[in-house]
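Residue numbers (the numbering used here): 85 to 305.
Below you'll find the structure, written out as structure tokens, and then a few comments.
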């Protein structure tokens, strides 16, 4: 999008556009550049799991299943103070071991276990509700089944059930775009050849005899 916009601006200014070459691999690699800032290509980046500076991490929740986790993201001092209060340990905010961002990283393992001992008491959705209502950015870790059965996404109109002609009822995702004057209907995909006659006659102007000849030659079904 940035390259297209830049080329378009040049076209407006000079009357001449540009040919744009974009490699998907290079684009994704560029977006991942922050993961290698510590080493800058001189050595492999140390593994950090899901931690991005404590207490931002993925924490285990009640149930202990493979998807029973909560992601918590704390990037400001206010968020840190709010998190401490929300888990019932406001004293952590002024504890020298956790008071600053540097201190929290240095004592990451201890801090992780403190927060995890709280999250393990709740399901991921319960913990998300408690922290979310307090103002802590967080999210339950969801697999595809969680997403397709999520009440909020269904109420928002992202999840739909369509009745396919041969496959029967199927749950699908609609468009996340909400436009006031352009409603997008979610429909089941047509079967092979369903609209062949409509397209060839209404759009291309072929008559019935021509269609029959094409069928006899095996060109259309």
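Note that CB positions come from ideal geometry on N, CA and C, so glycine has one too.
The model shown is predicted, which means the values in this text are computed figures rather than measured ones.
Residue range of the alpha helix (DSSP H) that includes residue i
i	result
residue 293	292 to 300
residue 145	Here residue 145 belongs to no alpha helix (DSSP H), and DSSP marks it neither H nor E.
residue 253	Unbroken run through residue 253 is the beta strand (DSSP E), 252 to 257; no alpha helix (DSSP H).
residue 92	86 to 98
residue 217	208 to 218
residue 104	First-last for residue 104: undefined, no H or E at that position.
residue 182	No alpha helix (DSSP H) contains residue 182, which DSSP labels as neither H nor E.
residue 163	161 to 170
residue 197	192 to 203
Cβ pair residue i, residue j closer than 8 Å
i	j	result
residue 150	residue 199	no
residue 154	residue 225	yes
residue 243	residue 255	yes
residue 203	residue 144	yes
residue 280	residue 304	yes
residue 268	residue 259	yes
residue 223	residue 147	no
residue 102	residue 85	no
residue 250	residue 275	yes
residue 185	residue 137	yes
Range covered by the beta strand (DSSP E) that runs through residue i
i	result
residue 224	222 to 224
Bridge partners - residue i, DSSP secondary structure assignment
i	result
residue 244	256
residue 154	143 and 224
Proximal residues to residue i (C-beta, below 8 Å), its chain only, five neighbours per side dropped
i	result
residue 180	187
Cβ-based burial, residue i [other Cβ within 10 Å; buried from 16]
i	result
residue 171	buried
residue 124	exposed
residue 93	exposed
residue 104	exposed
residue 106	exposed
residue 152	buried
residue 212	buried
residue 88	exposed
Chain-order list of residues whose beta-carbon lies under 6 Å from that of residue i (same chain, five-residue window excluded)
i	result
residue 135	141
residue 182	176, 188 and 195
residue 248	254 and 272
residue 158	139, 140, 164 and 167
residue 277	305
Near the ligand NAP: residue i beta-carbon under 7 Å from a heavy atom
i	result
residue 246	What this structure holds is no ligand at all, so the ligand NAP is not there to describe.
Other residues of its chain near residue i: CB distance less than 7 Å, five sequence neighbours each side excluded
i	result
residue 216	222
residue 231	237
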